[in-house]
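Right, one structure below, let's go through it.
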Amino acid sequence: MLRKIIIAFLILLSIILISTYYVQKTLKEQKIDAIMDQLSITLENQLETHMMDDLKTAISLSKNEALIEALDNDNEDLGYILLSDILDTIELNTDIHIRAQIITKELNIFTRSWDDIYGGMPIGDSRDDLGYFKTHKEPRSSIEIGRRLGIKATVPIYKNGELLGYVEVISFFKSITEFFSTLGVDLYVLLDFKHMDTAVLMTQNLAVCQSVVANRNYNYSHIQTLQDIELKTLKLDGMMYKDNKYIFYENMYNGSSEVIGGYVFVLPERYLDYFRNPNDDISFLINVTRSSLYDVIKEDKYEKNVYDEFSADSLLYFQNVIDKEDRQIFLDEAYSKFDKYSKDELIQIMLNRKIIKKVDGRIR
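Have a look at this one:
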């Protein structure tokens, strides 16, 4: 009798444990699916917000009479002074850094806010998207490939009904990447290799998932994981689990609705509990307990040097893509690693240095 009771108890316990495991697994899968959906919605919202903000600025600049006169008179020096002064004033009073350029109707650079040395340089070969304005007069804001991939808000400039050129506000996903980071999600904006003939300023960017990373303020700690991923599988499934991380994929479209790359989100499993269950709040991703999560992320970033896991020669690949805010940390780590090498070893490292990905193509 005792044996039968023990057997029955073990069977009942097994059923309870299996049922509990199945329920927890199902709930976790539902939560992951909900996070993936909310990431897509949040990304779309962030992109739309930045596109509209950039477009507002571009429209305002296109109505500036002084800039219009400078463009009409082909006075590049005055154009640079006016444009940079306007944007410097905006940054001084709002702490918002804006990059803008004015393009002539012949598709040459008239002036840019961040330098005054490329006036007259033709850009038509790398800006197929500007062909849109051959048949449209309306402004537009979209993700486009130029010499770099970015969000470009472009507005035609007219005087007395005659097209003089275009004003363009450009951003490069930095603030969007930072926004997702505060949610515990690391964003990687990837451009397909086939577009590298155009994006000539990205040829030295890091390559992962058979693509080039376009945003520069990404989290380096997930690079090895992404380099081991098969992109076709990730695209097909939309999500995968690797190295205790959930990895999500979303297609990236340009202004002509063509797929030119993708967005990869990495969510470490240890952050999963900081997101509410989907039944608690339909916008649970946005309403995550952000203050608690942000403290954890900040602690990770500042207590653990993100460059610790990279070898000295690996750091050579990062030197040209480090944001100025992170450069001192990067240099401190690089110097400490290279100090351990002899002069002959350092020479050998430099001789053996290789480019991550050879990009065949003609620089136009």
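Under the numbering used here, think of the first position of the sequence shown as 48, with each following residue one higher. We put the beta carbon where it would ideally sit given N, CA and C, even for glycine. Note that the structure is a prediction, hence the values are computed from the model and not measured.
Cβ-Cβ distance between ILE294 and VAL313 below 9 Å
yes
Which residues in the same chain have their Cβ closer than 8 Å to the Cβ of TYR300, if we skip the five residues on either side of it in sequence?
ILE190, VAL306 and ILE307
Does the separation of the CB atoms of SER188 and MET99 fall below 9 Å?
yes
Compare the Cα-Cα distances from LYS103 to each of THR201, LEU210 and GLU209 and report the closest residue.
THR201
Taking 8 Å as the cut-off, does the stretch 108-126 touch the stretch 82-96 (at least 3 CB pairs, one atom from each stretch)?
no
Note down the Cα distance separating LEU139 from ASN264, rounded to an integer number of angstroms.
23 Å
What do you reckon, are the CB atoms on VAL259 and LEU238 nearer than 9 Å?
For the 9 Å CB-CB criterion, VAL259 and LEU238 form a contact.
CB ILE82 to CB PHE322, shorter than 9 Å?
Yes, Cβ-Cβ distance for ILE82 and PHE322 is below 9 Å.
Scan the stretch 82-128 and note each continuous beta strand (DSSP E) run of 3 residues or more that stays entirely inside, going in chain order.
none
Give the DSSP-derived three-state secondary structure of THR151 in the structure shown.
strand
Please state the DSSP three-state secondary structure of ASN264.
coil
State the start and end residues of the unbroken alpha helix (DSSP H) segment that holds LYS279.
Run containing LYS279: 278-284, per the alpha helix (DSSP H) assignment.
Is it a yes or a no for the stretch 156-170 touching the stretch 228-236, going by three-plus beta-carbon pairs under 8 Å?
no
Pair within 9 Å by beta-carbon distance, MET249 and ARG195
yes
What ranges does the alpha helix (DSSP H) occupy inside the stretch 194-258, keeping only unbroken runs of at least 4 residues that lie completely in it?
221-229
Run the CB neighbour count on HIS183, radius 10 Å, all protein chains shown included, and call it buried at 16 or more, exposed below.
Exposed, since its Cβ has fewer than 16 Cβ neighbours within 10 Å.
Could you compute how far the alpha carbon of ALA105 sits from the alpha carbon of GLY302?
17 Å
Using three-state DSSP, classify ASP275 as helix, strand or coil.
The answer is coil: DSSP assigns ASP275 none of H, G, I, E or B.
Under 9 Å between the Cβ atoms of LEU90 and TYR296?
If you check the CB distance, LEU90 and TYR296 do not come in under 9 Å.
Report whether the distance from the Cβ of MET98 to the nearest heavy atom of the ligand SAM is below 8 Å.
Although the ligand SAM was asked about, the structure shown includes no ligands whatsoever.
Beta-carbon spacing of SER218, GLY193 below 9 Å:
no
Any idea if SER61 is buried or exposed, counting beta-carbon neighbours within 10 angstroms, 16 or more meaning buried?
exposed
With a threshold of 16 other CB atoms inside 10 Å of the CB of ILE53, please say whether the residue is buried or exposed.
exposed
For the candidate residues THR158, GLU225, MET168 and LEU154, whose alpha-carbon lies nearest to that of ASP176?
Nearest C-alpha to ASP176 among THR158, GLU225, MET168 and LEU154: LEU154.
What does the alpha-carbon distance come out to for the pair GLY178 and GLN274?
36 Å
Limits of the beta strand (DSSP E) - the one that ILE294 falls within
292-300
Exposed or buried, which one is LYS199 when buried takes at least 16 other CB atoms within 10 Å?
Burial call: buried.
Over the uninterrupted beta strand (DSSP E) stretch that includes TYR318, give me the two end residues.
Note, TYR318: premise wrong, no beta strand (DSSP E); not H, not E.
Tell me which same chain residues have a C-beta within less than 6 Å of the C-beta of VAL353, skipping the five on either side of it?
Unreliable placement is indicated for VAL353, whose pLDDT of 48 sits below 50; no coordinate value is reported for it.
According to the neighbour-count rule (16 or more other Cβ atoms, all chains shown, within 10 Å of its Cβ), is ASN207 buried or exposed?
exposed
Taking 9 Å as the cut-off, decide whether the C-beta atoms of ASP119 and LEU210 are in contact.
no
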